[in-house]
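Protein sequences appear in the order of chains A and B. Just so we're aligned: 80 in the working numbering is position 95 of the first sequence, and the numbers increase by one with no gaps anywhere. Just so we're aligned: 155 in the working numbering is position 170 of the second sequence, and the numbers increase by one with no gaps anywhere.
2 protein chains.
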Amino acid sequence: MNYPKGIKNDNIINKVPTRYDNRGMGLENDINLTNQYYINIKKAYIYKKPTPIQVTKIEYKNNSIIIKEGFFKEPSTTDYNGLYNGKYIDFEAKETNNKTSFSLNNIHKHQVEHIRNIINNNGIGFIIVRFNKLNKSFLLFGKDLIDFIDNNGRKSIPLTYFVDKGFLIQDNYLPRLDYLKIIDNILGG
Amino acid sequence: MNYPKGIKNDNIINKVPTRYDNRGMGLENDINLTNQYYINIKKAYIYKKPTPIQVTKIEYKNNSIIIKEGFFKEPSTTDYNGLYNGKYIDFEAKETNNKTSFSLNNIHKHQVEHIRNIINNNGIGFIIVRFNKLNKSFLLFGKDLIDFIDNNGRKSIPLTYFVDKGFLIQDNYLPRLDYLKIIDNILGG
């Protein structure tokens, strides 16, 4: 299905059931499993925010409210946030089928502002980008994302920039995508 | 309008326009103004999460998606989160017209779990409760909320508990509700 840019389909039901026993069924699922693992081992508490929706029409039926009209809003923040040993953690996760670059159309203007605010307040903000065709996921810190946006006229970030400035996230069985390992290395944890 | 428990009306349009020049038009507005003030003076970055909605029917029209049926979900986290000098901040804000106690029906089971997770991961979690009839707003730290829930069979928290264990938030013109001052005092900032 074609959702508007940046809209995830996880709050639409009747989709194909999630298969937890299978590999490679999407970055979002891998992150959700990883976050659940972090909760289970009491390492961190990182969770997905609701998708922002503008409700324009409601109806009352049997003492409950039914939304009869609404629209997906352009996200003003990122998909995930939470805390790791008291520190604020925040990131956006995106997949691309492009083999050589990641289009900045995937990141909205408000999301860039959100990441700037996180950096300015000493939080840990980043993006995780999976190059599906290469089967590689990179963590790129907010500072490096902002540096690129502020200093390049380009509309996409080349893969080489992820290789140079980003961090390849190991793809394991458990946890699926151990992105906090990279944070540990940076924080000296 | 009667929304389900815990559902705020801020994502429903056609409501009375917000009047920024007026006082006492609701806790939520006071908090939003306060958070905007914190952003303006670069003190902190704290923001409201979207209301969780379950979308059950969509339609395509002119290349865009219209939600034709959906339901408000019971919130599994809190209304606000963000960061203050790198530290994770998280809270729920509630008003009550009761003069002597705050009903725990206002806080959902999942929200209590959420607050437990924040405490366990060394975050700063709390609730802000305004007693409308008394024109007083209290900050009660998550730990004290959980202590009450775990050690009392009561279905409501008496005002005296807020007076004893909580912190009265000063009501000013700017910022409207300076709750971070209480965090500063606690952190020794």
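Note that CB positions come from ideal geometry on N, CA and C, so glycine has one too. Since we're looking at a predicted model, the values are computed, not measured.
query                                                                                                                                                                                                  : result
Taking the alpha-carbon positions, what's the residue 81 (chain B) to residue 129 (chain B) distance?                                                                                                  : 19 Å
Taking the alpha-carbon of residue 17 (chain A) as reference, which of A:172, A:159, A:111 has the nearest alpha-carbon?                                                                               : A:159
Is residue 34 (chain A) close to chain B, meaning its C-beta is less than 8 Å from at least one C-beta of that chain?                                                                                  : yes
In chain order, what residues of the same chain lie with their CB nearer than 7 Å to the CB of residue 133 (chain B), ignoring the 5 residues before and after it?                                     : 142, 146
Taking 6 Å as the limit between beta carbons, can you name the residues of its chain near residue 52 (chain B), skipping five residues before and five after?                                          : 40, 43
Pull the bridge partners of residue 182 (chain A) from the DSSP assignment, please.                                                                                                                    : In this structure chain A extends from -14 to 174, so residue 182 (chain A) is not present and cannot be described.
Output yes if chain B places a C-beta closer than 8 Å to the C-beta of residue 169 (chain A); else output no.                                                                                          : no
Among A:152, A:156, A:57, A:58, which residue has its Cα nearest to the Cα of residue 125 (chain A)?                                                                                                   : A:152
Taking only three categories from DSSP, how would you classify residue -7 (chain A)?                                                                                                                   : Residue confidence for residue -7 (chain A) is low, a pLDDT of 47 falling below 50, so the modelled location carries little weight; the figure read from the coordinates is stated next. Coil.
Let me check one thing: in DSSP terms, what residues is residue 66 (chain A) bridge-paired to?                                                                                                         : A:32, A:75
Quick one: which residues of the segment 147 to 162 of chain A get their C-beta closer than 9 Å to a C-beta of chain B? List them in chain order.                                                      : none
Report buried or exposed for residue 85 (chain A), applying the criterion of at least 16 other Cβ atoms within 10 angstroms of its Cβ.                                                                 : exposed
How about residue 196 (chain A): is its C-beta nearer than 8 Å to some C-beta of chain B?                                                                                                              : Within the shown structure, residues of chain A are numbered from -14 to 174, placing residue 196 (chain A) beyond reach of any answer.
Give every residue of the same chain whose Cβ lies closer than 8 Å to the Cβ of residue 163 (chain B), excluding the five residues on either side of it in the sequence, and list them in chain order. : 19, 154, 155, 157
Three-state secondary structure (DSSP) at residue 115 (chain A)?                                                                                                                                       : strand
Mapping DSSP to helix, strand and coil, what is residue 108 (chain A)?                                                                                                                                 : coil
Around the Cβ of residue 55 (chain A), are there at least 16 other Cβ atoms within 10 angstroms (buried) or fewer (exposed)?                                                                           : buried
Run down chain A in chain order and give the residues with a C-beta less than 7 Å from the C-beta of residue 176 (chain B).                                                                            : Absent from the structure is residue 176 (chain B), since the part of chain B shown begins at -14 and ends at 174.
Could you tell me the distance, in whole angstroms, from the CA atom of residue 138 (chain A) to the CA atom of residue 119 (chain A)?                                                                 : 26 Å
Relative to the C-alpha of residue 114 (chain A), which candidate in A:100, A:108, A:76, A:23 has its C-alpha closest?                                                                                 : A:76
So with Cβ pairs under 8 Å, would you call residue 29 (chain A) a contact of chain B?                                                                                                                  : yes
Output, in chain order, the set of chain B residues within a Cβ distance shorter than 8 Å of residue 38 (chain A).                                                                                     : -4, 35, 36, 38, 40, 52, 55
Flag residue 108 (chain B) as yes if its beta-carbon sits less than 8 Å from any beta-carbon of chain A, otherwise no.                                                                                 : yes
Quick one, which residues of the segment 85 to 105 of chain B are near chain D if we go by CB-CB under 9 Å, in chain order?                                                                            : No chain D is part of this structure, whose protein chains are labelled A and B.
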